[in-house]
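Asker: Numbering (my numbering), first residue to last: 235 to 714.
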Amino acid sequence: MAKEKQQEFVQHLTPREEDFSQWYTDVVLKCDLMDYTPVRGCMALKPYGYGIWELIQQQMDARFKATGHKNVAMPMLIPESLLLKEADHVEGFAPEVAWVTHGGNEKLTERLAIRPTSETIFCAMYAKWVQSWRDLPMKYNQWCSVMRWEKSTRPFLRTAEFWWQEGHTVHATAEEAQEETLLMLEVYREFCENVLAVPVYAGQKSDKEKFAGARATYSVEAMMQDGKALQAGTSHNFGTNFSEPFEVQFLDKDGTLKHVHETSWGTSTRLIGAVIMTHGDERGLKLPPKIAPIQVALLPIAAHKGGVLEACADIRDKLVAAGIRVELDDRDTYSAGWKFNEWEMKGVPLRLEVGPRDIAAGQVMAARRDTHEKLALPMEGLADAVTKLLDDIQRSMYEIALDFQQKRTATVKTMEELGEQVKTGFAMAMWCGERACENAVKERFSATSRNMPFDQTPVGEDCVVCGQKADIVMYFAKAY
RNA sequence: CGAGGUGUAGCGCAGUUUGGUAGCGCGUUUGGUUCGGGACCAAAAGGUCGCAGGUUCAAAUCCUGUCACCUCGACCA
Numbered sequence: 235m236a237k238e239k240q241q242e243f244v245q246h247l248t249p250r251e252e253d254f255s256q257w258y259t260d261v262v263l264k265c266d267l268m269d270y271t272p273v274r275g276c277m278a279l280k281p282y283g284y285g286i287w288e289l290i291q292q293q294m295d296a297r298f299k300a301t302g303h304k305n306v307a308m309p310m311l312i313p314e315s316l317l318l319k320e321a322d323h324v325e326g327f328a329p330e331v332a333w334v335t336h337g338g339n340e341k342l343t344e345r346l347a348i349r350p351t352s353e354t355i356f357c358a359m360y361a362k363w364v365q366s367w368r369d370l371p372m373k374y375n376q377w378c379s380v381m382r383w384e385k386s387t388r389p390f391l392r393t394a395e396f397w398w399q400e401g402h403t404v405h406a407t408a409e410e411a412q413e414e415t416l417l418m419l420e421v422y423r424e425f426c427e428n429v430l431a432v433p434v435y436a437g438q439k440s441d442k443e444k445f446a447g448a449r450a451t452y453s454v455e456a457m458m459q460d461g462k463a464l465q466a467g468t469s470h471n472f473g474t475n476f477s478e479p480f481e482v483q484f485l486d487k488d489g490t491l492k493h494v495h496e497t498s499w500g501t502s503t504r505l506i507g508a509v510i511m512t513h514g515d516e517r518g519l520k521l522p523p524k525i526a527p528i529q530v531a532l533l534p535i536a537a538h539k540g541g542v543l544e545a546c547a548d549i550r551d552k553l554v555a556a557g558i559r560v561e562l563d564d565r566d567t568y569s570a571g572w573k574f575n576e577w578e579m580k581g582v583p584l585r586l587e588v589g590p591r592d593i594a595a596g597q598v599m600a601a602r603r604d605t606h607e608k609l610a611l612p613m614e615g616l617a618d619a620v621t622k623l624l625d626d627i628q629r630s631m632y633e634i635a636l637d638f639q640q641k642r643t644a645t646v647k648t649m650e651e652l653g654e655q656v657k658t659g660f661a662m663a664m665w666c667g668e669r670a671c672e673n674a675v676k677e678r679f680s681a682t683s684r685n686m687p688f689d690q691t692p693v694g695e696d697c698v699v700c701g702q703k704a705d706i707v708m709y710f711a712k713a714y
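#1: Please check the pair V598 and L586, which I expect to be a contact at CB under 8 Å, by giving their CB distance rounded to whole angstroms.
#2: When you compare each of L289, L346, H336, E409 to A328 by their alpha carbons, which one comes out closest?
#3: At which residues does the beta strand (DSSP E) containing Y452 begin and terminate?
#4: I'd like the list of long-range same chain contacts for I706, defined as Cβ closer than 8 Å, with 5 residues on each side in sequence excluded.
#5: Taking 8 Å as the cut-off, does the segment 362–372 touch the segment 336–345 (at least 3 CB pairs, one atom from each stretch)?
#6: Hey, V530 and L430 are a contact pair by Cβ (cut 8 Å); roughly how many whole angstroms apart?
#7: Can you give the beta carbon distance from Y422 to A456, rounded, assuming they're within the 8 Å contact cut?
#8: Starting from M268, follow its DSSP beta bridges and name the residues at the other end.
#9: Buried or exposed for E242, going by 16 or more other Cβ atoms inside 10 Å?
#10: Skipping 5 residues on each side, what residues in its chain have a beta carbon closer than 7 Å to that of L417?
#11: Taking M649 as the reference, which of G701, E330, R382 has the closest Cα?
#12: Is there contact between the segment 628–645 and the segment 519–528, where contact requires at least three CB pairs shorter than 8 Å?
#13: H323 bridges to which residues according to DSSP?
#14: Restricting to Cα atoms, I'd like to know which of L562, K520, T351 is closest to L532.
#15: In its own chain, which residues sit with a C-beta less than 8 Å from the C-beta of K239, not counting the 5 before and 5 after it?
#16: Does the Cβ-Cβ distance between W383 and V334 come in under 8 Å?
#17: Leaving out five residues before and five after D618 in sequence, what residues of the same chain have Cβ atoms less than 8 Å from its Cβ?
#18: Could you name each continuous alpha helix (DSSP H) segment of 4 residues or more that falls completely within the segment 597–654, going from the start of the chain to the end?
#19: Output the boundary residues of the beta strand (DSSP E) element that contains V334.
#20: Just to confirm, are Y709 and Y435 a CB contact at a threshold of 8 Å?
#21: So, is V675 buried or exposed, given that buried needs 16 or more other C-beta atoms within 10 angstroms?
#22: I'd like the list of long-range same chain contacts for M235, defined as Cβ closer than 8 Å, with 5 residues on each side in sequence excluded.
#23: By how many angstroms is the C-alpha of V482 removed from the C-alpha of I355?
#24: Please name the residue, chosen from A681, L553, E672, that lies closest to G659 on a Cα-to-Cα basis.
#25: Evaluate the contact criterion for the segment 477–492 versus the segment 534–553: three or more CB pairs, one atom per stretch, below 8 Å.
#26: Identify, in the order they occur along the chain, each residue of the same chain with its Cβ nearer than 6 Å to the Cβ of E695, setting aside the five sequence neighbours on each side.
#27: Is it buried or exposed for D611, if we count other Cβ within 10 angstroms and need 16 for buried?
#28: If you run the structure through DSSP and keep just helix, strand and coil, what is V530?
#29: For the candidate residues F679, L267, G500, F574, whose alpha-carbon lies nearest to that of Q376?
#30: With a 10 Å radius around its C-beta and 16 neighbouring C-beta atoms as the bar for buried, classify L614 as buried or exposed.
#31: Taking F688 as part of the beta strand (DSSP E), name the residues at either end of that continuous run.
#32: Note down, in chain order, each residue of its chain lying with its Cβ closer than 6 Å to the Cβ of I535, except the 5 sequence neighbours on either side.
#33: Can you name, in chain order, every residue of its own chain whose Cβ lies under 8 Å from the Cβ of E578, other than the five neighbours on each side?
#34: Taking just the CA atoms, how far does F679 sit from K237?
#35: Under 7 Å Cβ to Cβ from V244, same chain only, skipping five residues before and after it: list those, please.
#36: Going by DSSP, name the residue or residues bridged to R392.
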């Protein structure tokens, strides 16, 4: 049965090898994750796509709470004067800010920016809220959408409006702020690997690539199946860069007035793009069980025959009781084969088939989305077996992605090697720290420095670009 | 924002070169037969051809402008 026959069911999707970008676009549309809207560069998240985002939110938010953060909600509009207070910040964001100029029919005396990010409004509020060292640290986060007038947009990867979380914290000392910055980077790394099953490289950005207004920026970088890097999350240490112009000060134990040390960190709906391009295959989406809105597609087979639907409903109830997200697909308007393909395309981790023969045998047929393996599971203890299978799928998906990432990462010593390596993956190289050398890599290969790993064990002695003595280990890659 | 490409029924496309009755496949609706890897038959509905101007007796087709999307760059999460 043919492989050729199965192949022809892989309909509608552009083959991954033929055109990765088109494959990606096909997947997001055909899997009902999002749709284009009448608003330039803005997407509508459909229930299935938003369901993934909700699961990301829930599990990430739990980690924020566990590390002592609280959620708040800030205004969507930011007065221009606030945005102008930090020079690097405004310079970085000015080209992509959307402005509100009128209220009703009246022109505003001061225009209002639709937030591209909320450092400034958080600072303005922290200036009111922080008085004493006893108020610190203050560790807040918000889930919201922001807007950046991007010149070219792509679903999930770069849209004009996107949904995200932005954490903003203020601390009494530089040490605490740095600790927080690295802590949240670690939360992101752990989240990507354990929840999204997306392996990442964590490290520090170069000065050239750091956030507008930050003293230090750290990132987690994921590798997509085309070998390109996707920045999956960032964590910034601002020091007192914002608290000075915004006069966020506190009276310390020693009786002196000091500026707070501030951090911010964010991840966005881009994570969904990372999941698609890390795990997807020729059949479409492949979701890790932890963020799959539907973990199990339960399919009645020959449902017109007596007892099948009842057996399915019973199984559904047992799985739901065990905390498994299950969808009983009892639509009689589609054939079994059609449904198999549909749920596979949509990336549902596990499919259970229940027909008269299974019921007679006291079992159900299970099919894994990740390996396409089919196996019979006894009806007895089914929920436990399914839970175990889902865990195994989660683990296996991470291992396969990790293997890919490792195989597509190589140490390089020359520009020629670097140019070859970034065609298909990440290059680890020595770098002297000069911006000119980063620029040279970008000009020749359209690749950028991604980040400097925390393990700085040298992989050579000389800068891969200029040949001068170098002591920085840097990842280079083409990036989304 | 630069280079290239595409906009015709819900989706995918043909028709545009050479102006002359709006087409095909899938999907949708209704009825029937099917049902363990995208079933079949019959009937039906559905389009001011992205938008705005212009040329013409006549424009999906020619001209000008504009908007959106896709690819590759530059910029950015």
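Every residue gets a Cβ at the ideal spot worked out from N, C-alpha and C, and that includes glycine.
Answerer: So, to answer that:
#1: In the first sequence, the residue the question calls residue 598 occupies position 364. In the first sequence, the residue the question calls residue 586 occupies position 352. 5 Å between Cβ atoms; contact.
#2: Here the question's residue 328 lines up with position 94 in the first sequence. Minimum Cα distance to A328 is reached at L346.
#3: On the first sequence, residue 452 is found 218 positions in, with the first residue counted as 1. From DSSP, the beta strand (DSSP E) with Y452 extends over 450–457.
#4: In the first sequence, counting from the first residue as 1, residue 706 sits at position 472. Within the same chain, and ignoring the five residues on either side of I706 in sequence, the residues whose Cβ sits closer than 8 Å to its Cβ are M664, W665, C666, G667, M686, Q690.
#5: The answer is no - the segment 362–372 does not touch the segment 336–345, with fewer than three Cβ pairs under 8 Å.
#6: Mapped onto the first sequence, residue 530 falls at position 296. Mapped onto the first sequence, residue 430 falls at position 196. Rounded to whole angstroms, the Cβ separation of V530 and L430 is 19 Å, and the two are not in contact under 8 Å.
#7: By 1-based counting over the first sequence, the position of residue 422 is 188. By 1-based counting over the first sequence, the position of residue 456 is 222. About 11 Å separates the two Cβ atoms, so there is no contact after all.
#8: As a working mapping, residue 268 is identified with position 34 in the first sequence. Listed as beta-bridge partners of M268 by DSSP are L279.
#9: One-based indexing of the first sequence puts residue 242 at position 8. Caution is warranted here: a pLDDT of 37 is assigned to E242, below 50, making its placement in the model unreliable, and the coordinate value is therefore given only provisionally. So E242 counts as exposed.
#10: For this step, residue 417 is matched to residue 183 along the first sequence. For L417, where only same-chain residues beyond five positions count, the Cβ hits under 7 Å are T301.
#11: For the purposes of this step, residue 649 is taken as residue 415 along the first sequence, with counting starting at 1. The shortest CA-to-CA distance from M649 to any of G701, E330, R382 is the one to G701.
#12: Cβ pair count under 8 Å is three or more, so yes.
#13: Here residue 323 refers to the residue found at position 89 of the first sequence. Note: H323 sits in no beta bridge, so no partner.
#14: Indexing the first sequence from 1 puts residue 532 at position 298. For the options L562, K520, T351, the alpha carbon positioned closest to that of L532 is the one of L562.
#15: Translated into the one-based positions of the first sequence, residue 239 becomes position 5. Only weak support is given to the placement of K239: the predicted model assigns it a pLDDT of 34, under 50, and the value that follows is read from those uncertain coordinates. Answer for K239: no residue qualifies.
#16: Residue mapping note: residue 383 aligns to position 149 of the first sequence, counting from 1. Residue mapping note: residue 334 aligns to position 100 of the first sequence, counting from 1. W383 is not a Cβ neighbour of V334, given a cutoff of 8 Å.
#17: The residue given as residue 618 occupies position 384 in the first sequence. The residues are A556.
#18: Segments of the alpha helix (DSSP H) lying fully in the segment 597–654: 616–641.
#19: Locating residue 334 in the first sequence gives position 100, where the first residue counts as 1. It spans 332–337 - the beta strand (DSSP E) in which V334 sits, taken as one unbroken run.
#20: Walking along the first sequence from the start, residue 709 turns up at place 475. Walking along the first sequence from the start, residue 435 turns up at place 201. The answer is yes: Cβ separation under 8 Å.
#21: For the purposes of this step, residue 675 is taken as the residue at position 441 of the first sequence. By the Cβ-count criterion, V675 is buried, with 16 or more other Cβ atoms from all chains shown falling within 10 Å of its own Cβ.
#22: Position 1 of the first sequence, counting from 1, holds the residue named residue 235. In this predicted model, M235 has a pLDDT of only 26, less than 50, meaning its place in the structure is not dependable enough to derive any value.
#23: Indexing the first sequence from 1 puts residue 355 at position 121. Indexing the first sequence from 1 puts residue 482 at position 248. The alpha-carbon atoms of I355 and V482 are separated by roughly 12 Å.
#24: As a working mapping, residue 659 is identified with position 425 in the first sequence. Ranking the options by Cα distance to G659, first place goes to A681.
#25: A contact between stretches requires three or more CB pairs, one per stretch, nearer than 8 Å, and the segment 477–492 fails this requirement with the segment 534–553.
#26: Taking the first residue of the first sequence as 1, we reach residue 695 at position 461. So no residue of the chain qualifies.
#27: Position 377 of the first sequence, counted from the start, is the residue given in the question as residue 611. Note on identity: in this sequence residue 611 is Leu, with Asp being the wrong assignment. L611 comes out buried.
#28: Taking the first sequence and counting its residues from 1, one reaches residue 530 at position 296. V530: strand per DSSP, three-state reduction.
#29: Reading the first sequence from its first residue, position 142 is the one you call residue 376. Closest by alpha carbon: G500.
#30: Stepping through the first sequence from its first residue, residue 614 is reached at position 380. Contrary to the premise, residue 614 reads as Glu rather than Leu in this sequence. Exposed.
#31: As a position in the first sequence, residue 688 is number 454, starting the count at 1. Neither: F688 is in no beta strand (DSSP E) and is coded neither H nor E.
#32: Position 301 of the first sequence holds residue 535. Contacts found: A570, E587, G589.
#33: Start at 1 with the first residue of the first sequence, and residue 578 comes out as number 344. Once the five neighbours on either side are set aside, the close Cβ partners of E578 are R517, G518, R585, R603.
#34: One-based indexing of the first sequence puts residue 237 at position 3. One-based indexing of the first sequence puts residue 679 at position 445. Only weak support is given to the placement of K237: the predicted model assigns it a pLDDT of 31, under 50, and the question is left unresolved by the model.
#35: Residue mapping note: residue 244 aligns to position 10 of the first sequence, counting from 1. Low per-residue confidence applies at V244: pLDDT is 43, beneath 50, and the placement is therefore not dependable enough to give any value.
#36: Within the first sequence, the letter at position 158 stands for residue 392. R392 is bridged to R388.
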